[in-house]
Amino acid sequence: MKKILSLMIALALVLGCTAALADESVRLSQVYCAPNGSGSVGIVTVALQGDVIVAVHIDELQWMDAGSVSVLDAEGDLTKGFPEGKVLASKLANDEAYSGMMAAYAGSTVTIANNYAAIEAFCVGKTVADLEAAIAGLDSTTAVDAVSGATLVNTLGYLQSVLQAAKAE
């Protein structure tokens, strides 16, 4: 009986806390950006309820070896101008290969998917103003320390891209 009562109280608390947010519609916003410099194209999607960030999705596209999972099913004229032996690929779709390359190249110990997930989790639940305040005054070194679990050198660029998406109309 105590377990059922505890469950009912917990459920009531959750429903009570979400009731205010449930009255507001969710707005999706997406930007194409360069969170990591000029070597890739970032796609950052943010869902907001009022001014609260309720979901974030980060991915990047870049040229990868031909064996990678491509975002394009392209042949013929469309592939003219593509770098030889490369495909346009998602870092998330190629998490294992990309993360392995970064481990060898830069000593990375956290996969790109887990880095993105840490940044996304850091942003969820914050208002736009909260996120602005959280990243104000950060630099590339302090931004890595601010986001638990993220080890990307350009964590600040990703946070700024989330903020850019949250503010986009």
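Each residue of the sequence shown is one higher than the one before, starting from 3 at the first, in our numbering. Beta carbons: idealized from backbone N, C-alpha and C, even for Gly.
Query	Result
Quick check on the DSSP output: what are the complete beta strand (DSSP E) runs of length 3 or more inside the stretch 34-64, in order along the chain?	43-51
Using the three-state DSSP reduction, which class does residue 163 fall into: helix, strand or coil?	helix
Based on the DSSP output, what are the partners of residue 1 in its beta bridges?	In the structure displayed, the chain extends from 3 to 171; residue 1 sits before or after that span and is not available.
Measuring only the C-alpha atoms, how far is residue 139 from residue 162?	12 Å
Quick one: measure Cβ to Cβ for residue 56 and residue 28, integer angstroms, because I've assumed they're closer than 8 Å.	7 Å
To test your reading of the DSSP string, which unbroken alpha helix (DSSP H) runs of 4 or more residues are found completely within the stretch 134-162?	142-148
Which of the three DSSP states, helix, strand or coil, is assigned to residue 113?	coil
Helix or strand or just coil, what does DSSP make of residue 74?	coil
Could you name the residues of the same chain whose beta carbon sits closer than 8 Å to that of residue 126, not counting the 5 residues immediately before and after it, in chain order?	55, 56, 57, 58
Give every residue of the same chain whose Cβ lies closer than 7 Å to the Cβ of residue 68, excluding the five residues on either side of it in the sequence, and list them in chain order.	87, 88, 89
Assign residue 85 to one of two classes, buried (16 or more other C-beta atoms within 10 Å of its C-beta) or exposed (fewer than that).	exposed
Quick check on DSSP: helix, strand or coil for residue 130?	helix
Would residue 93 and residue 114 be called neighbours here (beta carbons separated by less than 8 Å)?	yes
Less than 8 Å separating the beta-carbons of residue 31 and residue 43?	no
Roughly how many whole angstroms lie between the Cα atoms of residue 110 and residue 150?	15 Å
Use the C-beta contact count for residue 107: other C-beta atoms within 10 angstroms, 16 or more gives buried, fewer gives exposed.	exposed
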